[in-house]
Amino acid sequence: MLPLINSAADSSPVSFDAPRADDVVLTGDRPTGALHLGHHAGSLTSRVALQGRCDQTLLIADLQALTDSSGRASHVAAHVEEVALDYLAAGIDPARTTIAVQSRLPALAELTVLYLNLVTVARLERNPTVKAEVEMRGFARDIPAGFLCYPVSQAADITGFRATLVPVGDDQLPMIEQTNEIVRRVNRLADTPVLPECRALLSSTPRLPGVDGRKASKSLGNAIPLGASADEIRTMVRAMYTDPGHVRASDPGRVEGNVVFAYLDAFDGDVAAVDELKAHYRRGGLGDSVLKERLTNVLEQIIAPMRERRATFVSDRGYVREILRDGTERANEITHSVLRDVRRTFALGE
Ligand code: TRP
Numbered sequence: 081m082l083p084l085i086n087s088a089a090d091s092s093p094v095s096f097d098a099p100r101a102d103d104v105v106l107t108g109d110r111p112t113g114a115l116h117l118g119h120h121a122g123s124l125t126s127r128v129a130l131q132g133r134c135d136q137t138l139l140i141a142d143l144q145a146l147t148d149s150s151g152r153a154s155h156v157a158a159h160v161e162e163v164a165l166d167y168l169a170a171g172i173d174p175a176r177t178t179i180a181v182q183s184r185l186p187a188l189a190e191l192t193v194l195y196l197n198l199v200t201v202a203r204l205e206r207n208p209t210v211k212a213e214v215e216m217r218g219f220a221r222d223i224p225a226g227f228l229c230y231p232v233s234q235a236a237d238i239t240g241f242r243a244t245l246v247p248v249g250d251d252q253l254p255m256i257e258q259t260n261e262i263v264r265r266v267n268r269l270a271d272t273p274v275l276p277e278c279r280a281l282l283s284s285t286p287r288l289p290g291v292d293g294r295k296a297s298k299s300l301g302n303a304i305p306l307g308a309s310a311d312e313i314r315t316m317v318r319a320m321y322t323d324p325g326h327v328r329a330s331d332p333g334r335v336e337g338n339v340v341f342a343y344l345d346a347f348d349g350d351v352a353a354v355d356e357l358k359a360h361y362r363r364g365g366l367g368d369s370v371l372k373e374r375l376t377n378v379l380e381q382i383i384a385p386m387r388e389r390r391a392t393f394v395s396d397r398g399y400v401r402e403i404l405r406d407g408t409e410r411a412n413e414i415t416h417s418v419l420r421d422v423r424r425t426f427a428l429g430e
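Residue numbers for the sequence shown follow the working numbering, so the first one is 81 and each next one is one higher.
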């Protein structure tokens, strides 16, 4: 069995079946910064598990990144290759997973333009993820139109590959729902179904907090990057939020909300030992430094092989560019064939 589960709420209109061999898997990342341990615990591990079992594409979504970062265009451009390096470091095998760059797939842009005719502004404004992001970024009415419409571009990403399974975090469920609405509209316009609906695949790991206990984010600098050095790991673990009421080692401490335990739960394979540490911590008599030392070692064991793999690819960036070129070429063929079908639906010629 794959180390993946689908336990999400039954009430959601998005479905969550287990992966099937004939699934087409598509997922993406905005290249706004280095990938971090939260990505590793959540999506990267399941992507590595899926490759070779399903047809899988990873899309580096640089156009989507520009929808809220147009002022940082060169930062986004520079991170396209960095995200590819993170994939390769995490064990993504380009022979079994296609890695493609969104901005070099013109069919996706054209699909977006066509789909925009099937979506209302009111529906876009109701998308809960867009709503939360607009609030977080303080856009108010000055929201870039491209940002408001990025769920439509994401629907183009997903349908452009005829994807049936989309591994994502739960914040992306509204995107899947909106994608399927668009799929149904396109299929209704056509005589025969043109596009498949897709299901979400959620990771079994709860969202990993940042070292300060807030939401982990590339921009807050509170996440441990996959390329972290041993020193960076040590420094960030030392700064981790624990229990402010746990002043002396002898004091009883809280496990809930304690970031060190959240990371041990996610990465320490010895579950029985972690349970014992939790009990000891709650009773009192266990200092934070002992826990942090253990976590530092656990994380180093996970990151060291990735750091090594990353270094070999960094020394051959020409090869990394070739991987992106090949993957994007393959993706261009697929997305163009989908575009041909969708254009026909809109009574547009070849
Ligand atoms: N919106 C996703 C995120 O911010 C990234 C993304 C772009 C994506 N295109 C996609 C995810 C297609 C899944 C499928 O994480």
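Every residue, glycine too, gets a C-beta built ideally from N, C-alpha and C. Computed from a prediction, not measured in an experiment: that's the story for all the values here.
Please report the residue range of the alpha helix (DSSP H) in which residue i lies.
i: A384; result: 368 to 394
i: L269; result: 253 to 269
i: P289; result: Taken as a continuous stretch (DSSP letters only), P289 belongs to no alpha helix (DSSP H), as it is neither H nor E.
i: P208; result: 208 to 217
i: P186; result: 186 to 195
i: T315; result: 310 to 318
i: H159; result: 153 to 170
i: F426; result: It is not in any alpha helix (DSSP H) - F426 carries neither H nor E in the DSSP assignment.
i: R362; result: 351 to 363
i: V339; result: 339 to 347
Would you say residue i and residue j are within 8 Å of each other, going by their C-beta atoms?
i: S126; j: P247; result: yes
i: R110; j: A158; result: no
i: R318; j: K358; result: no
i: L204; j: P174; result: no
i: S149; j: T112; result: yes
i: L188; j: Q182; result: yes
i: I304; j: L117; result: yes
i: L198; j: I238; result: no
i: I172; j: L139; result: no
i: G240; j: V418; result: yes
i: R389; j: L196; result: no
i: V340; j: M320; result: yes
i: L275; j: R242; result: yes
i: A25; j: V400; result: A question about residue 25 goes unanswered here, because the residues of the chain that appear run from 81 up to 430.
i: T408; j: R184; result: yes
Give the range of the beta strand (DSSP E) segment to which residue i is assigned.
i: I238; result: First-last for I238: 230 to 239, but that is the alpha helix (DSSP H), not the beta strand (DSSP E).
i: A280; result: 279 to 281
Using C-beta distances below 7 Å, list every residue in its chain close to residue i, excluding the 5 sequence neighbours before and after it, in chain order.
i: R387; result: G307
i: S92; result: Only weak support is given to the placement of S92: the predicted model assigns it a pLDDT of 45, under 50, and the question is left unresolved by the model.
i: A170; result: H120, L124, V128, L306, M386
i: E156; result: Going by the sequence as given, residue 156 is Val instead of Glu. The residues are P111, T112, D142, A145, L146, S149.
i: F426; result: L194
i: N338; result: T322, D323
i: A346; result: A121, T285, L288
i: P332; result: R362, R363, G364
i: N260; result: E277, C278
i: I383; result: L306, A308, I313
Can you find the residues in the same chain that come closer than 6 Å, C-beta to C-beta, to residue i, ignoring five residues on each side of it along the sequence?
i: D103; result: C134, T244, L245
i: L84; result: Because L84 carries a pLDDT of 41, less than 50, the predicted location of this residue cannot be relied on, and the following value inherits that uncertainty. Excluding sequence neighbours, L84 sits near S126.
i: D348; result: V354, V378
i: L115; result: D166, L306
i: Q136; result: V105, L130, T177
i: E413; result: none
i: D368; result: T322
Bridge partners of residue i, per DSSP?
i: I140; result: D109, V181
i: K295; result: P289
i: H116; result: P305
i: V246; result: A280
i: V128; result: Per DSSP, none; premise fails for V128.
i: D135; result: V104
Leaving aside the five residues before and after residue i along the sequence, list all residues of the same chain whose C-beta is less than 8 Å from its C-beta, in chain order.
i: R410; result: T178, A180
i: E380; result: A310, I313
i: H416; result: A187
i: E430; result: R420, R423
i: A101; result: R133, C134
i: P208; result: P254
Spell out whether any CB of chain B is found under 8 Å from the CB atom of residue i.
i: K358; result: The chain inventory of the structure shown lacks chain B, comprising one protein chain alone.
Q. How about the stretch 317 to 332 and the stretch 357 to 373: do they share at least three Cβ pairs that are nearer than 8 Å?
A. yes
Q. Taking contact to mean at least 3 C-beta pairs separated by less than 8 Å, is the stretch 277 to 295 in contact with the stretch 254 to 265?
A. yes
Q: Specify whether the stretch 145 to 163 and the stretch 368 to 376 touch according to this definition: at least 3 beta carbon pairs, one from each stretch, less than 8 Å apart.
A: no
Q. Can we say the stretch 113 to 123 touches the stretch 283 to 299, given the rule of at least three CB pairs closer than 8 Å?
A. yes
Q) Are at least three pairs of beta-carbons, each pair with one atom in the stretch 288 to 300 and one in the stretch 261 to 271, less than 8 Å apart? A) no
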